[in-house]
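Below is one structure, written out as structure tokens, with a few remarks after it.
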Amino acid sequence: MTSTPIIPSTLRILLIAACVVILIAGFKAAGAIILPILVAVFLAVICTPPVGWLQKVGLPDWAAVITVFLVILVIFVVLSVVVTSSISSFQGRLPEYEKQMEEPISHIVNFLNEHDVNVSSSVIRDQFDSKKLTGLLSTGLSAVALVLSNTVLVMLTVVFVLAEAAVLPKKLRAMVGDPDADVSWASNVLGDLRVYLAVKTQCSLLVAVTTTFFLWIAGVDYFVLWGLLAFLLNFIPTLGSIIAAIPPIVLSLILGGVTLGIIVAGWYLLINMAIGNFLEPKLMGRRLGLSTLVVFLSMVFWGWVWGPVGMVLSVPLTMVIKILLEHTDDLKWLAILLGSASEETDVQNGSPASASGG
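Here my numbering runs 12 ahead of the position in the sequence shown, where the first position is 1.
In structure tokens form, the structure reads like this:
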């Protein structure tokens with residue numbers, strides 16, 4: 013005799029959907045608190061190897077954590093000063109740039125008219141409106157501004173996470189009530205996150221340094237600001253590098269005309285193709301384990317929930333969700349949907365997916 017389920021399957025699905033909607037609404041409403049904590053957790057994941065190295069060379073645990081903490085604090089202070097001063101100076105010079113914009117706009121209009129493309133200068137001018145440029149810049153830097161405004165919360169959370177990292181496996185085993193429980197999934201989560209964040213940070217830093225140096229050689233104003241913007245927005249899949257390129261390209265058109273604008277645009281295209289399409293995938297290997305569609309949709313979803321910061325965190329958040337789903341028997345099918353085509357091939361061939369392989 014089979015027992016009838018207490019809750020019908022249709023009602024159960026509706027209840028789960030309602031819970032998901034409520035959870036998303038809660039995440040969206042509590043973003044001001046959740047986001048700094050998430051940023052701190054990901055920073056702590058990146059800082060775990062340096063802390064471990066300092067411990068190996070003989071520093072006590074507390075000294076290693078404090079040393080890494082001080083380095084992060086100095087970086088935050090420097091970023092805060094650079095962002096604040098650069099934005100203030102840039103906004104002060106916008107009227108000057110607007111006046112200088114007339115000549116490159118007329119060159120663009122003449123070029124288009126010579127090639128039988130009839131367009132008025134007012135249409136081009138509207139596309140280079142200073143308010144739009146300021147809006148793009150504000151969007152790009154709002155992520156770092158939000159985090160910097162919660163520096164104390166972020167820093168304290170980083171310290172506590174680093175201090176608790178060593179005892180995390182014991183706590184997980186205590187939670188399930190089995191001292192011999194398999195908590196390898198936690199190592200998988202941390203390992204994949206560490207690889208992704210380390211590779212992404214290194215590649216973003218390479219983009220930022222080379223872009224800053226190139227813009228300095230090209231004579232584009234605020235090259236440090238544009239390099240910082242390139243570093244931050246490179247964490248946003250697909251769209252980030254495009255958004256980061258717009259302000260310096262527009263500024264180069266103003267300062268050096270169409271020729272300089274094309275050169276700067278070509279540089280951004282070259283550096284992002286070289287690093288984004290070749291170097292980064294080679295360093296990352298198949299560790300990411302997410303399909304291209306899932307990466308894009310996760311960026312859209314987390315961007316809608318938490319704005320630019322959500323876009324930055326979209327890939328690591330989705331990676332964590334995928335690994336957790338892989339270790340939940342009833343929801344493994346969702347992990348397969350989120351995975352890449354190469355992982356599906358691994359499953360069909362009977363080999364383990366590399367994305368969760370620590």
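A virtual CB, placed ideally from N, CA and C, is assigned to each residue, including glycine.
Going straight from the alpha carbon of residue i to that of residue j, what length do you get?
i, j, result
"Leu-217", "Phe-243", "6 Å"
"Val-307", "Val-270", "35 Å"
"Val-94", "Leu-240", "9 Å"
"Ala-175", "Gly-322", "26 Å"
"Trp-238", "Ala-42", "31 Å"
"Ile-274", "Ile-120", "12 Å"
"Val-450", "Asn-130", "In the structure as shown, the chain starts at 13 and stops at 370, and residue 450 therefore has no counterpart that could be examined."
"Leu-350", "Leu-329", "12 Å"
"Ile-348", "Ala-44", "32 Å"
"Val-89", "Asp-128", "52 Å"
"Pro-48", "Val-170", "10 Å"
"Ile-36", "Glu-115", "49 Å"
"Glu-338", "Asn-200", "11 Å"
Counting only the same chain and skipping the five closest in sequence on each side, list residues whose C-beta sits under 6 Å from that of residue i.
i, result
"Cys-215", "Ile-287, Glu-292"
"Phe-102", "Tyr-234"
Here's a check: name, in chain order, each residue in its chain whose Cβ is nearer than 8 Å to the Cβ of residue i, leaving out the five neighbours to either side.
i, result
"Thr-222", "Ile-283"
"Leu-343", "Leu-337"
"Ile-58", "Arg-206, Leu-209, Ala-210, Thr-213"
"Leu-55", "Ile-84, Val-166, Val-170"
I'd like to confirm something about residue i: is its beta-carbon nearer than 7 Å to some heavy atom of the ligand COA, or not?
i, result
"Leu-291", "By its list of ligands, the structure shown contains no ligand whatsoever, and the ligand COA lies outside what it can speak to."
Within a Cβ cutoff of 7 Å, which residues of the same chain sit near residue i, ignoring the five residues on either side of it in sequence?
i, result
"Trp-228", "Phe-235"
"Val-77", "Val-63, Val-171, Leu-174, Ala-175"
"Asp-73", "Gln-67"
"Leu-346", "Leu-337"
Which first and last residues belong to the alpha helix (DSSP H) in which residue i is found?
i, result
"Thr-60", "43–68"
"Asp-73", "73–104"
"Gly-372", "For residue 372 there is no data in the structure shown, the boundaries of the chain being 13 and 370."
"Pro-378", "Nothing in the structure corresponds to residue 378, since the chain is present only between 13 and 370."
"Ser-3", "One cannot answer for residue 3 here, as it falls past the ends of the chain, which runs 13 to 370."
"Ser-303", "Here Ser-303 belongs to no alpha helix (DSSP H), and DSSP marks it neither H nor E."
"Thr-163", "163–176"
"Leu-295", "292–296"
Segment contact flag, the segment 245–254 with the segment 308–317, C-beta cutoff 8 Å, min 3 pairs: yes
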